[in-house]
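All remarks here apply to the structure that follows.
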Amino acid sequence: MTERLPPKERTKIPRQAMPEQDPHERAHNFAEVNRGLEILVAEKEAQRCLACNDPKCVHGCPVGVKIREFVDLVIEGEYLKAAAKIREDNVLPAVTGRVCPQENQCEGSCILGKRFSPLAIGHLERFVADYEQATGQVGLPERAPATGKKVAIVGSGPAGLSCAGDLVLKGHDVTVFEALHEIGGVLVYGIPEFRLPKEIVRNEVDNLRKMGVDFQTNVVIGKTVTIDELFDEEGYDAVFIATGAGLPKFMNLPGEHLGGVYSANEFLTRVNLMKAYDPDHYDSPIYYCRDRNVAVIGGGNTAMDSIRSALRLGAKNAYIIYRRGEEEMPARREEVHHARDEGVQFLNLHNPVEFLGNDDGYLTAVKLIKMELGPEDESGRRSPIPIESSEFDLPLDVAIIAIGTGANPLVQSTTPDVKTNKWGYIVADDQTLRTTKRGVFAGGDIVSGSATVILAMGAGRTAARSIHEYLTTGEW
Amino acid sequence: MFPIRQARFLAPEIKLFKIEAPRIARRRQAGQFVIVRIHEHGERIPLTIADSDVDQGTITIVVQGIGKTTKLLNMLETGDAIQDVVGPLGEPSEVDQFGTVVVIGGGVGTAIAFPTAVAMKQAGNRVLSIIGAKSKELLILEDEMRATSDELFIMTDDGSAGTHGFVTQKLEDLIQQGEQIDRVLAIGPIPMMQAVANVTRPHNIKTIVSLNPIMVDGTGMCGGCRVTVGSQTRFACVDGPEFDAHDVDFKILAQRNTLYHSSEQTAFESFVSDPSKDIDQIRHCRLQQRHPEVGPQAS
Ligand SMILES: Cc1cc2nc3c(=O)[nH]c(=O)nc-3n(C[C@H](O)[C@H](O)[C@H](O)COP(=O)(O)OP(=O)(O)OC[C@H]3O[C@@H](n4cnc5c(N)ncnc54)[C@H](O)[C@@H]3O)c2cc1C
Ligand SMILES: Cc1cc2nc3c(=O)[nH]c(=O)nc-3n(C[C@H](O)[C@H](O)[C@H](O)COP(=O)(O)OP(=O)(O)OC[C@H]3O[C@@H](n4cnc5c(N)ncnc54)[C@H](O)[C@@H]3O)c2cc1C
Ligand code: SF4
Ligand code: SF4
Ligand code: FES
Chain C
2 MTERLPPKER TKIPRQAMPE QDPHERAHNF AEVNRGLEIL VAEKEAQRCL ACNDPKCVHG
62 CPVGVKIREF VDLVIEGEYL KAAAKIREDN VLPAVTGRVC PQENQCEGSC ILGKRFSPLA
122 IGHLERFVAD YEQATGQVGL PERAPATGKK VAIVGSGPAG LSCAGDLVLK GHDVTVFEAL
182 HEIGGVLVYG IPEFRLPKEI VRNEVDNLRK MGVDFQTNVV IGKTVTIDEL FDEEGYDAVF
242 IATGAGLPKF MNLPGEHLGG VYSANEFLTR VNLMKAYDPD HYDSPIYYCR DRNVAVIGGG
302 NTAMDSIRSA LRLGAKNAYI IYRRGEEEMP ARREEVHHAR DEGVQFLNLH NPVEFLGNDD
362 GYLTAVKLIK MELGPEDESG RRSPIPIESS EFDLPLDVAI IAIGTGANPL VQSTTPDVKT
422 NKWGYIVADD QTLRTTKRGV FAGGDIVSGS ATVILAMGAG RTAARSIHEY LTTGEW
Chain F
15 MFPIRQARFL APEIKLFKIE APRIARRRQA GQFVIVRIHE HGERIPLTIA DSDVDQGTIT
75 IVVQGIGKTT KLLNMLETGD AIQDVVGPLG EPSEVDQFGT VVVIGGGVGT AIAFPTAVAM
135 KQAGNRVLSI IGAKSKELLI LEDEMRATSD ELFIMTDDGS AGTHGFVTQK LEDLIQQGEQ
195 IDRVLAIGPI PMMQAVANVT RPHNIKTIVS LNPIMVDGTG MCGGCRVTVG SQTRFACVDG
255 PEFDAHDVDF KILAQRNTLY HSSEQTAFES FVSDPSKDID QIRHCRLQQR HPEVGPQAS
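Respectively, the protein sequence lines represent chains C and F.
If you're matching positions, the first sequence starts at 2 in our numbering and goes up one per residue.
If you're matching positions, the second sequence starts at 15 in our numbering and goes up one per residue.
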């Protein structure tokens, strides 16, 4: 146990850096970029916290992780207790510590950030979660006596997983149905190994399995079974729809059918889920990137993940093509910096107008137009405007489109009494996440549109509370 | 795990499997497919559900061994198990009482067309079937197709069975003979489907083809299976796989299907030179089947 330093001393400590794999080396492998904090470093970082009476950081966290309290436990050297403290509000700390956009959430609200650098809350969260995993002493909570109620959860992303965890503890019989052959949603098919090792997701899923959650892969709800059949034939009492927003958007530009043009979803699925980066052991091919020119269109996390994967597959030139400026990029800051350090070239204020190909149907170039920023649009960002006659061709072998995703309609189309909005997202009550169909709840990206891991988890927890209430009172 | 209940060759390199998958058997309709992944390290490939037996809880697939995954699949026997089978995917065939329907199957396409031929017959249509293959021993499901058709015509490229020539020749003959055809369903290699479309176009005969682009998830999530139909982009796995043949851009489809040729070739060669790596994976599957606690359960 370490003594707390007086406040003056605390602010003298600089924010502790996260050790990283060397950029030149890591640009060629899929191992995790961030290495994690050493114990002494973590402790030193924790000492920076001012232990505020009204911790602003907690308001910044969408699920209200008790940050000050867990940081206190880190200072005391009580890492397992610190992990348990986080788990009270967040069941996937090893994941969120790695992927939350902390600069807009907990760290963005930390008081230290006003004059110094904010506390590295994400890094500390990851530290205690990894410590817990390494010791194998994950404190799995007690399960309440069986209630005899059955709940079906559709989709195994963060929303589905967190809902499953909470409901199984309340004693309900919980089954998670997943369309793909692996559990985890975007955490396994989208976010790459070098940012979130799949081992971590697998461990968390194993924990849920130990707690009693039943996982059924290869079941597409709406195709293999419908929601109505889950109620009428399989005896479920409630259903939580957490199918995410996985439908890829294309740009409807000429040449989009050319070989070498991918949606980010396909590219990342081939690389992550199907392990295309390891052709000696896995069969799914990926279009050749080695020594080729590869560009990603978009400026979000998906774009950064795609281009950094392409780089690791050996791309000669790796470009980000983004129609606004770097300030406007929705990706996590850390990812943008990592991408730049690894050698990704940013073509900001550029937009594609056409994909050009050869007679065999393969991509050879993209026609780009330069953009400038005009007045703010409804998203509060300055809107990009094309500069006339500024087009030029960029030679390209692979183009990956990462301009966002939409709602997958498979569930909704076979369950017309679950109401959707004009974009196809499910309409659910803010507070209870009830849909328009009795016994059916929905949350995560399929309600909010593409958002974040922690918001999806928060929705899963809200749904769990609300489902539990419905199952115990029977009132809708 | 999805146990194989029956496995037998119908022709050289063409094998029929009955696979235990009760949920899929119960819901599937003609024209739908499954996506399978043979073992932990395998790729996902689509295969049409040729038939199903709700009581036995099995689905039937017919596989032509053309590359690594299909050849490996064809090495499996009764008692083996497949790691992942998901479905039924895709939109069912549009089945109605159209009148006279000509069903054309080329090669393994006959197995894909078969369930829709059955459904068309049940819906009260007059079904004329034309099945084609390179030679006599490559003909499949001849008896099954005969049983469900009012008339069956056989065409072989070398004349070793039925009439010497392509399926399109028979189709043209029927049209010339003044046969009133209300709809054509053609499933087979891309050049065959395109040729059928060219035959029926001038006669304005509604023609449906089942497209076979490269797929990954089969649920509309990746866009890899996109095809150009009537100058629009459609996802074959959720909007199809059946489309109006007169609107399909077959050239783009054929080009996109060659995208991974070199990696497929490499995978195939290394598999042929040493199949043991993959066979070991499947033995592992068998082990899992006997000891379900070591792997995920069948659903
Ligand atoms: C490449 C990428 C990088 C990202 N990076 C970050 C990041 O760094 N930080 C961050 O906070 N957020 C990030 N996000 C966003 C975040 O991953 C999502 O907001 C979050 O995963 C949404 O969770 P969810 O549970 O709602 O859905 P998902 O994670 O999308 O999971 C939905 C699951 O449902 C399954 N499913 C769909 N339909 C059916 C059906 N009919 N039947 C059965 N199963 C079905 C899907 O296969 C999927 O597994 C990223 C997203 C992507 C794509
Ligand atoms: C909806 C649909 C239904 C099908 N039904 C049947 C069927 O009932 N019986 C049958 O024998 N075949 C069927 N096919 C074709 C079958 O999926 C391919 O033959 C198989 O994927 C080839 O894999 P491979 O590894 O053996 O060969 P490879 O050497 O990898 O590929 C050979 C060719 O097969 C195609 N192919 C490769 N990978 C895929 C993939 N993931 N998805 C689709 N096509 C691919 C490409 O055109 C490729 O050039 C169907 C395809 C589709 C899209
Ligand atoms: S869950 Fe995310 S936002 Fe909340 S404290 Fe942890 S890292 Fe910060
Ligand atoms: S706002 Fe910052 S300094 Fe204050 S308690 Fe939270 S982490 Fe500590
Ligand atoms: S196979 Fe992925 S969208 Fe059709």
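Don't be surprised by glycine CBs; every beta carbon is placed ideally from N, CA and C.
Ligand 4 heavy atom lying under 7 Å from the CB of residue i
| i | result |
| --- | --- |
| residue 113 of chain C | yes |
| residue 58 of chain C | yes |
| residue 293 of chain F | no |
| residue 62 of chain C | no |
| residue 228 of chain C | no |
| residue 72 of chain C | yes |
Cβ-heavy atom distance, residue i to ligand 5, below 7 Å
| i | result |
| --- | --- |
| residue 254 of chain F | no |
| residue 229 of chain F | yes |
| residue 251 of chain C | no |
| residue 239 of chain F | yes |
Buried or exposed by the 16-neighbour rule on C-beta atoms within 10 Å, applied to residue i
| i | result |
| --- | --- |
| residue 92 of chain C | buried |
| residue 338 of chain F | The displayed coordinates of chain F run from 15 to 313. Any statement about residue 338 of chain F would go beyond what the structure contains. |
| residue 439 of chain C | exposed |
| residue 66 of chain F | buried |
| residue 141 of chain C | exposed |
| residue 478 of chain C | Examination of residue 478 of chain C is not possible in this model, given that chain C is present from 2 through 477 alone. |
| residue 313 of chain F | In this predicted model, residue 313 of chain F has a pLDDT of only 35, less than 50, meaning its place in the structure is not dependable; the value taken from the coordinates is given anyway. The residue in question, residue 313 of chain F, is buried, as its Cβ has 16 or more Cβ neighbours within 10 Å. |
| residue 441 of chain C | buried |
| residue 144 of chain C | exposed |
| residue 54 of chain C | exposed |
| residue 26 of chain F | exposed |
| residue 284 of chain C | buried |
| residue 225 of chain C | buried |
| residue 49 of chain C | buried |
| residue 103 of chain C | buried |
| residue 257 of chain F | buried |
| residue 226 of chain F | buried |
| residue 293 of chain C | buried |
Beta-carbon contacts of residue i that lie in its chain and below 6 Å, excluding the five residues immediately before and after
| i | result |
| --- | --- |
| residue 263 of chain F | 242 |
| residue 31 of chain F | 18, 21 and 75 |
| residue 324 of chain C | 352, 372 and 385 |
| residue 349 of chain C | 323, 326 and 327 |
| residue 123 of chain F | 201 and 202 |
| residue 36 of chain C | 20 |
| residue 178 of chain C | 155, 217, 220 and 222 |
Ligand 1 heavy atom lying under 7 Å from the CB of residue i
| i | result |
| --- | --- |
| residue 53 of chain C | no |
| residue 159 of chain C | yes |
| residue 465 of chain C | no |
| residue 37 of chain F | no |
| residue 244 of chain C | yes |
Contacting residues, own chain, Cβ-Cβ under 7 Å from residue i (five flanking each side not counted)
| i | result |
| --- | --- |
| residue 97 of chain C | 91, 126, 454 and 455 |
| residue 159 of chain F | 124, 128, 131, 143, 145 and 166 |
| residue 464 of chain C | 164, 241, 434, 442 and 444 |
Residue i Cβ short of 7 Å to ligand 3 heavy atom set
| i | result |
| --- | --- |
| residue 302 of chain C | no |
Those residues which DSSP pairs with residue i across a bridge
| i | result |
| --- | --- |
| residue 147 of chain F | F:170 |
| residue 395 of chain C | C:367 |
| residue 441 of chain C | C:240 |
| residue 317 of chain C | None; residue 317 of chain C has no bridge partner. |
| residue 258 of chain F | F:222 |
| residue 374 of chain C | C:385 |
| residue 21 of chain F | F:31 |
heavy atom of ligand 6 below 7 Å from residue i C-beta
| i | result |
| --- | --- |
| residue 453 of chain C | This structure lacks ligand 6; its bound ligands are ligand 1, ligand 2, ligand 3, ligand 4 and ligand 5. |
Same chain, Cβ closer than 8 Å to residue i, five either side skipped, listed in chain order
| i | result |
| --- | --- |
| residue 84 of chain F | 59, 77 and 78 |
In chain order, each beta strand (DSSP E) run of at least 3 residues that lies wholly inside the stretch 26–93 of chain F: 28–34, 47–51, 59–62, 65–67 and 72–78
Whole runs of the alpha helix (DSSP H) within the stretch 91–147 of chain F, excluding any shorter than 4 residues: 123–136
Inside the stretch 168–237 of chain C only - alpha helix (DSSP H) runs reaching at least 4 residues: 187–190, 199–212 and 228–233
Every unbroken alpha helix (DSSP H) inside the stretch 168–225 of chain F [4 residues or more]: 181–190 and 204–214
Sequence ranges, alpha helix (DSSP H) only - wholly within the stretch 8–46 of chain C, length at least 4: 8–13 and 24–27
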